[in-house]
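In this note's numbering, the protein residues as written are 79 to 277. Where is the CB? At the ideal position from N, CA and C, for every residue including glycine. Predicted model, so just to flag it, every value in this text is computed and none were measured. The structure under discussion appears below in the form of structure tokens.
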Ligand SMILES: C[S@@+](CC[C@H](N)C(=O)[O-])C[C@H]1O[C@@H](n2cnc3c(N)ncnc32)[C@H](O)[C@@H]1O
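Here it is as structure tokens:
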């Protein structure tokens, strides 16, 4: 999935996405606790990569975290800047973040790796990994399934992943799992996982 394709798909649906999913009310309280638990106290800057409308960036900022949000989609970044004063927001790609190696203490990639083809995940994780300080923490959220397979997500094709396979990919990139969370299907909400891992 090229970045142009992702940007085009989300740009066309940005208003709807913001309305339906772009606030903390749409996030499970346990997920907020997981994100805060792993990124709330890190000793240095945090990046929310693929921040979308910026509500999780703002959440971390409200918890005292020095956080910036980066997203491919200008409409999301414009909304985030207008709605959430405090954190910095930038248009950019998580595959090519304009920061030195080993310069951030935490990264949140909350459902922003879901459109990557399975063959592209390792390179994306490596691009994120190089940003982290030793001991730096990555928190990822992904859709979960028994096998790696694509499905028709409302915006564009996404992939579901077995949690063990994501943990393996993280380990291969030099990120050791420290915690995981799995949520079963609930109504329309597909099963998903979150992993926290340390560089
Ligand atoms: C499902 S949305 C999640 C947004 C937000 N993290 C949230 O929880 O609502 C996926 C987001 O990842 C962003 N994204 C996907 N690939 C990206 C990339 N290569 N660089 C930056 N953002 C990307 C999309 O633009 C979109 O905002």
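For residue 112 and residue 177, the gap between their C-alpha atoms comes out near 25 Å. DSSP places residue 268 in the coil class of the three-state scheme, outside both helix and strand.
Straight across, the Cα-Cα distance linking residue 118 with residue 232 is about 31 Å. With contacts defined as CB atoms closer than 7 Å, residue 207 and residue 150 fail to qualify as a contacting pair. Between the alpha carbons of residue 140 and residue 90 lies a distance of about 29 Å. Contact between the region 159-166 and the region 188-203 is absent: fewer than 3 CB-CB pairs across the two stretches fall below 8 Å. For residue 179, the closest of 211, 155 and 148 by C-alpha to C-alpha distance is 211. In this structure, residue 155 keeps its C-beta atom at 7 Å or more from the C-beta atom of residue 145. Buried is the label assigned to residue 136, since at least 16 other Cβ atoms lie within 10 Å of its Cβ.
Within its own chain, the residues whose Cβ lies closer than 6 Å to the Cβ of residue 271, once the five positions on either side in sequence are excluded, are 220, 222, 241 and 260, listed in chain order. The C-beta distance from residue 202 to residue 209 rounds to 12 Å, too long to meet the 8 Å contact threshold.
Residue 277 places its beta carbon less than 7 Å from that of residue 214.
Shortest Cα-Cα distance from residue 237 to any of 81, 88 and 228 involves 228. Taking 7 Å as the cut-off, the Cβ atoms of residue 172 and residue 216 do not count as close. Separation of residue 122 and residue 130 (C-alpha to C-alpha, rounded to the nearest whole angstrom) is 22 Å. Restricted to the region 190-223, the alpha helix (DSSP H) segments that are unbroken, complete and at least 4 residues in length are 196-207, listed in chain order.
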